[in-house]
Each structure stands twice: as structure tokens, then as C-alpha cells.
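Its first residue numbered 1437, the sequence shown is counted upward by one per residue in the working numbering.
Heads up, the beta-carbon is just placed ideally off N, CA and C, and yes, glycines get one too.
Treat the numbers as computed from the prediction; the structure is a model and nothing was measured.
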Amino acid sequence: MNPLRAFEATARRGSVSAAARELNVTHGAISHQIRALELSFNAALFERGGKRLRLTPQGALLLPAVTHAFAEIAAATAAMTRPATSGELRITCVPALLSFWMIPRLHQFTEQFPDVQLTLVASNDQAHLHSPEVDVCLLYGDGNWGDCWAKLWSRLELFPVVSPTLLNMRPLRSIRDLRDHVMLHGDDGREWNTWLAAADAADLQRGRQHFMSDARLSTEGALHNQGVALGDTITAGSLIARGELIAPFDLTVPANDAFFVACRNEVRAAPIVRVFIDWLFAALESDPMPELQTSARTIIRSRRQEDPKSAAESFRPVSSPRSRRVEAPQKRKIKP
């Protein structure tokens, strides 16, 4: 096992020194174990020369099998050491998703698994995937995180949200009215740029803007009448349903990234981890958020054909403090 472990670590890290540091042994011990493995196979596993070792064809053939075998052993070990759905489970989650979606539904999980103690951390830091202090991560990103297991949880649609109080004080009758509002960003500005471009308002003259570290803060800013933020179909859906926020325009755009559930391969087989991941998907499926403004692009296209005004001038709100229901336009039936 030791020669195989030395081979796998060296191939993954690209150097003997890095593998030695990871396995907490000497450089010479790693070299000796790799050499012993090569002698047993009567084949070279690495091309020596240069700063980074490269696998030979024989080494490239061996590596996937060794990596898979170690992952299976680690998963079985985790299942043996954590055989029951009880104990402590450590979760990191995108801050907005944790505040506005998970915590309001957390009782559903704790009632079903009362012996599980949860530790929840608001974070979208991918580094937690490799931390032994974290079991499961809910991340916003592209899902491409190397050696870890990741599964798409939900895609998102983005749209502006504003509080009813602010809307009563300062109307949003058209996109041009955004100039009179503070624009709240939950990122570096790319998501608002994407939405404005889809609304044919990329050149909109902007008023004041505030930049915040994540979407939870920008959404909370909108809740406290500080400006207009971009919400999404997951975290803002319940706030709109309760009347705390309003979606004033009939246009949504797909987010650049999505929500993923992710964890280390050796952790996923543990029962306590498996039941939490299953609950996450079941809770989303049983309580889906409403599809907002699905007919927006059709509406914009028809307006351009019928009215020479720009889309930015002809936008009309689809929700208001008195009526928040979003309805698609109905076609009139013509009797024969």
C-alpha cells in the first residue's frame, strides 16, 4: 500500500517533494517506494527530468485505477466510522442561500433527524471542499472543482427586486427610472451588467451604486429600502411571496453560475452526509420557487414590432405592493 500511496501522491502533486510533505515522510522515502513499485512492475512509471515529473504510458494506465481504489477505501472507512445518522455535521453554504432558503426550512431536517447536530457556516469559499473540518458545501460556481464530488442543485434566473416602501416613495415605471435609485451589487457589477444588456439598457446612465461582498447583503439592503438589488428565483422567491420585495420588471436573465452541492469523495458515503444531501434535493423538489417573468422576451419582441419606442422606455411593472402575482399575457380567442 505504501508504494501505491507514494505513486498516487507524486502523480497528483507533480513532484516527489510535494508528495513527501503531504504524506509526512522524507523525500528519500517517496523515491524508494516509487522505485520499488517500478521494479515490481518491471516498468518505469515516471519520465524523470525537468522540474515536474510526467507519467509514462504505463504510469498513466495505473493512476486512475489506484485513485479509484483509494477513494473506495476512504468511502468505506468513512461509512464504518460514521455508521449512523447521528452526530455532528458541518456545512458551509452561500450566505444568501443559507439565510433566505436553508434556515427557514431547517426544521424539516432536524425533525426528521433529531440526533444530528449541525454546524452552519456562511461562506462561498471553495477552499472548504478540501478542509477536514467541513463535510458538505453548497457553493455558487461552475461546479468544476477537481478531485471533489459535485452535483448541480439549482440553476438561477436573476431579476431586480425592490421593497414596496421604496417603490411607493420613488416609482419604477420604466428601466430609465433606475437612474433615480441606488443600484445594489452583490458582486463586482457583472450580474447587473448582464441584466441591463438583456434589457437593451447597457448604456443606462446610473446614479449611486453600492458594492457588497455577497448577494445576501445586497438583498438585505433592498429589504431595508437602501436601493434596488438583483434577486434570484431561489433566495428572493419567498420574500416576493410574502410581499417584502417586489419584482418590478418583466425580464429575467440566467445567472452565469449555479448552486452546487459538493464534498470530498471520501465523505460522501457516510450515512449522515448522504441523508443531508438527499434532504437538500428533496426539499428543493417539494417546495419549488415560482417561475418569474417567463414570457418577458416575447413581450419585449412584440413591443418592438408594434411600438418604435425602445424596450427600456416601454417596460411596465409586473408586480406592485397591492398585487404581486405574475401572469403571462392572455391571447384573445376569436369566435368563428
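Its chain contains I1527 as the residues whose beta carbon lies nearer than 6 angstroms to that of L1556, once the 5 sequence neighbours on both sides are disregarded; these appear in chain order. Burial is judged here by how many other beta carbons sit within 10 angstroms of a residue's own beta carbon; I1670 has at least 16 and is buried. DSSP places R1526 in the strand class (E or B) of the three-state scheme. For F1443, the closest of G1643, N1460, F1712 and F1482 by C-alpha to C-alpha distance is F1482.
Between the alpha carbons of G1495 and H1504 lies a gap of roughly 15 angstroms.
With fewer than 16 other beta carbons inside 10 angstroms of its own, A1677 counts as exposed. Annotation for E1593: no alpha helix (DSSP H) segment contains it, though the beta strand (DSSP E) segment containing it runs E1593 to V1597. In summary, A1706 is buried, with 16 or more beta-carbon neighbours lying within 10 Å of its beta-carbon over all protein chains present. Taking the C-beta atoms as reference points, S1467 is found nearer than 8 angstroms to V1452. Distance from the CA of T1630 to the CA of L1640, rounded to the nearest whole angstrom, comes to 13 angstroms.
Proximity of the stretch 1562-1574 to the stretch 1693-1705 meets the contact definition, three or more beta-carbon pairs being nearer than 8 angstroms. By the criterion of at least three beta-carbon pairs nearer than 8 angstroms, the stretch 1616-1628 is in contact with the stretch 1640-1659. Judged by DSSP in its simplified three-state form, A1698 adopts strand. With a threshold of 16 other beta carbon atoms within 10 Å, D1714 falls short and is exposed.
For the alpha helix (DSSP H) assignment, the uninterrupted runs of no fewer than 4 residues enclosed by the stretch 1655-1726 are, from N- to C-terminal side, 1673-1677, 1701-1704 and 1707-1722. Distance from the Cα of R1644 is smallest, within the candidate group S1654, L1659 and D1616, for D1616. By the Cβ-count criterion, L1588 is exposed, with fewer than 16 other Cβ atoms from all chains shown falling within 10 Å of its own Cβ. In the DSSP assignment, F1647 is bridged to H1621.
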